[in-house]
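Q: Below is the structure I would like to discuss, written out as structure tokens.
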Amino acid sequence: MRLRLWLWALGWLAVVLLAFRGRWELVVSELSKGAPDNYFNAAVLTLCLLWVYLRRRDLVSRMRSSRVTLPQAVLGLAMVGAALFLPQTARFTVLGLLLCGLGLFIALFGRAAAIPGMALAVLAVTLLIPWAISRYIRGPFALAPVLALVPLLSALGIPALHEGMVVGVVGPSGDWVYAGINVGCAGHTALGIMAGLFLLMMLDAPLSPRRAVPMLLLALAGAWLQNLLRLVILFSAGHLWGEAALWSFHSYLSYILLPAWYALFAFIELRVSPRGSVLGRASGVARPNLGQGAVEGGLA
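Each residue of the sequence shown is one higher than the one before, starting from 227 at the first, in my numbering.
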């Protein structure tokens, strides 16, 4: 097993240095923006790696007993080849690097790759949902919160209007404060984050399909609504204290609302999950049977 592990590490390193050497600047450039999306995606990746680490005994046992078949080896190498042709963006570069590692792992360890493969699937869902929304339903998705936002602000007594994706409210001095809503502002990343975290929780402590479907819908609905709440707070700040306050709230509010919603959702999930979790046992927490901005660069 040790020899195969060395071959995997060296093979992956060779692919990273040779095939992906021109793409690293894409990832570095994206990370340098310091956007909340990047931090949340990094958090999901960290949790996926933690889940694999906590399953290390099972993983090592499978690696030692694995016998690679020819179809498995072909599949693994085909995954490596496919990863090289993914679009050259930061998002797909990260997925491509991990897919190469998984493909080589399959080619050398066969079915033992199921554990890291499930973790990669969680990350792929997290990254690809926002990509798919942005690519295929960008306009309608961005417009939906605008149509809900203006009536909500009006109900709160805040004069508001919108023209297309641009929303305006009356500021403290009587002037209008405007900001554009793009697809990022509409919360497409929050949907990907919650979908990925839900799948990770399902790996950690599975639910029956009868419970899993409503819980997934709750996770996604809550992610969309917390983003709508974020927009309401942002424009309320603009109404009360002006444009500078709106953008100041914009810089920090995402770091509060989305984690708060996930914490609440995780508590609900713990209440309905009939089984203890790997993450819960590792942390020493007992889980008995509980019954178990502008239109571009806008307010993303």
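Every residue, glycine too, gets a C-beta built ideally from N, C-alpha and C.
Model, not experiment: these values are computed from the prediction.
Confirm, please, whether the CB-CB distance from Arg249 to Gln314 is below 8 Å.
A: Locating residue 314 in the sequence shown gives position 88, counting from the first residue. Locating residue 249 in the sequence shown gives position 23, counting from the first residue. Yes. Within cutoff.
Q: If we ignore side chains and look at the alpha-carbon of each, how far apart do Tyr488 and Ser434 end up?
A: Position 262 of the sequence shown, counting from 1, holds the residue named residue 488. Position 208 of the sequence shown, counting from 1, holds the residue named residue 434. When rounded, the distance between both Cα atoms is 20 Å.
Q: Candidates Phe491, Gly400 and Cys411: which alpha carbon is nearest Gly468's?
A: If you number the sequence shown from 1, residue 468 lands on position 242. Answer by Cα proximity: Gly400.
Q: Where does Ala340 land, buried or exposed, given buried means 16+ other C-beta within 10 angstroms?
A: Here residue 340 corresponds to residue number 114 of the sequence shown, with the count starting at 1. By the neighbour-count rule (16 or more Cβ atoms within 10 Å), Ala340 is not buried but exposed.
Q: Taking only the alpha-carbon atoms, compute the straight-line gap between Cys411 and His476 and give it to the nearest angstrom.
A: Counted from its first residue, the sequence shown places residue 411 at position 185. Counted from its first residue, the sequence shown places residue 476 at position 250. Spanning the two alpha carbons is a distance of roughly 10 Å.
Q: Measure from the alpha carbon of Gly413 to the alpha carbon of each residue in Ala358, Arg281, Arg228 and Arg497, then state which is nearest.
A: Counting from 1 along the sequence shown, the entry for residue 413 is found at position 187. Taking only the C-alpha atoms, the option nearest Gly413 is Ala358.
Q: Taking just the CA atoms, how far does Ala309 sit from Leu325?
A: Within the sequence shown, numbered from 1, the residue matching residue 325 stands at position 99. Within the sequence shown, numbered from 1, the residue matching residue 309 stands at position 83. Roughly 6 Å separates the two Cα atoms.
Q: Ordered along the chain, which non-local residues of its own chain (more than five positions away) have a Cβ less than 6 Å from that of Ala386?
A: Taking the sequence shown and counting its residues from 1, the one referred to as residue 386 is at position 160. If we look at Ala386 and ignore the five residues flanking it on each side, its Cβ neighbours are Val376, Leu379, Ser380 and Val395.
Q: In angstroms, rounded to a whole number, what distance separates the CA positions of Phe491 and Leu229?
A: Residue numbering aside, residue 491 sits at position 265 when the sequence shown is read from its first letter. Residue numbering aside, residue 229 sits at position 3 when the sequence shown is read from its first letter. If you take the alpha carbons of Phe491 and Leu229, they lie about 43 Å apart.
Q: May I have the straight-line CA-CA distance separating Val294 from Leu271, to the nearest angstrom?
A: Along the sequence shown, read from residue 1 onward, the residue named residue 294 stands at position 68. Along the sequence shown, read from residue 1 onward, the residue named residue 271 stands at position 45. About 28 Å.
Q: Starting from Leu429 and walking both ways along the alpha helix (DSSP H), at which residues does that stretch end?
A: Here residue 429 corresponds to residue number 203 of the sequence shown, with the count starting at 1. Run containing Leu429: His414 to Asp430, per the alpha helix (DSSP H) assignment.
Q: Which term fits Ser503, buried or exposed, when burial requires 16 or more other beta carbons within 10 angstroms of its beta carbon?
A: Counting from 1 along the sequence shown, the entry for residue 503 is found at position 277. Reliability fails at Ser503, whose pLDDT of 49 lies under 50, so the model's placement of it is uncertain and the value that follows must be treated cautiously. Counting every other CB atom within 10 Å of its CB across the protein chains shown gives Ser503 a total of 16 or more, marking it as buried.
Q: Just how far apart, CA to CA, sit Trp232 and Leu239?
A: As a first step, residue 232 is located in the sequence shown; it is residue number 6 there, counting from the start. As a first step, residue 239 is located in the sequence shown; it is residue number 13 there, counting from the start. Approximately 11 Å, taken between the alpha carbons.
Q: Compute the distance between the beta-carbons of Ala445 and Ala471, then report whether it is under 8 Å.
A: Counted from its first residue, the sequence shown places residue 445 at position 219. Counted from its first residue, the sequence shown places residue 471 at position 245. Their beta carbons are not under 8 Å apart, which means Ala445 does not touch Ala471 by this criterion.
Q: With a threshold of 6 Å on Cβ separation, who are the neighbours of Val511 within its own chain once the five nearest residues in sequence on each side are excluded?
A: On the sequence shown, residue 511 is found 285 positions in, with the first residue counted as 1. With a pLDDT of 39 at Val511, under the threshold of 50, the predicted position of this residue should be treated as unreliable, though the coordinate-derived value follows. So no residue of the chain qualifies.
Q: For Leu310, which three-state DSSP category applies?
A: Here residue 310 corresponds to residue number 84 of the sequence shown, with the count starting at 1. Here Leu310 sits in coil by DSSP.
Q: I'd like the list of long-range same chain contacts for Gly237, defined as Cβ closer than 7 Å, with 5 residues on each side in sequence excluded.
A: The count along the sequence shown starts at 1 and reaches residue 237 at position 11. Correct list, in chain order: Leu330.
Q: Do you know whose CA, among Arg337, Ile407, Cys274 and Leu321, lies nearest Gln298's CA?
A: Numbered from 1 along the sequence shown, position 72 holds the residue referred to as residue 298. Measuring from the Cα of Gln298, the nearest candidate turns out to be Arg337.
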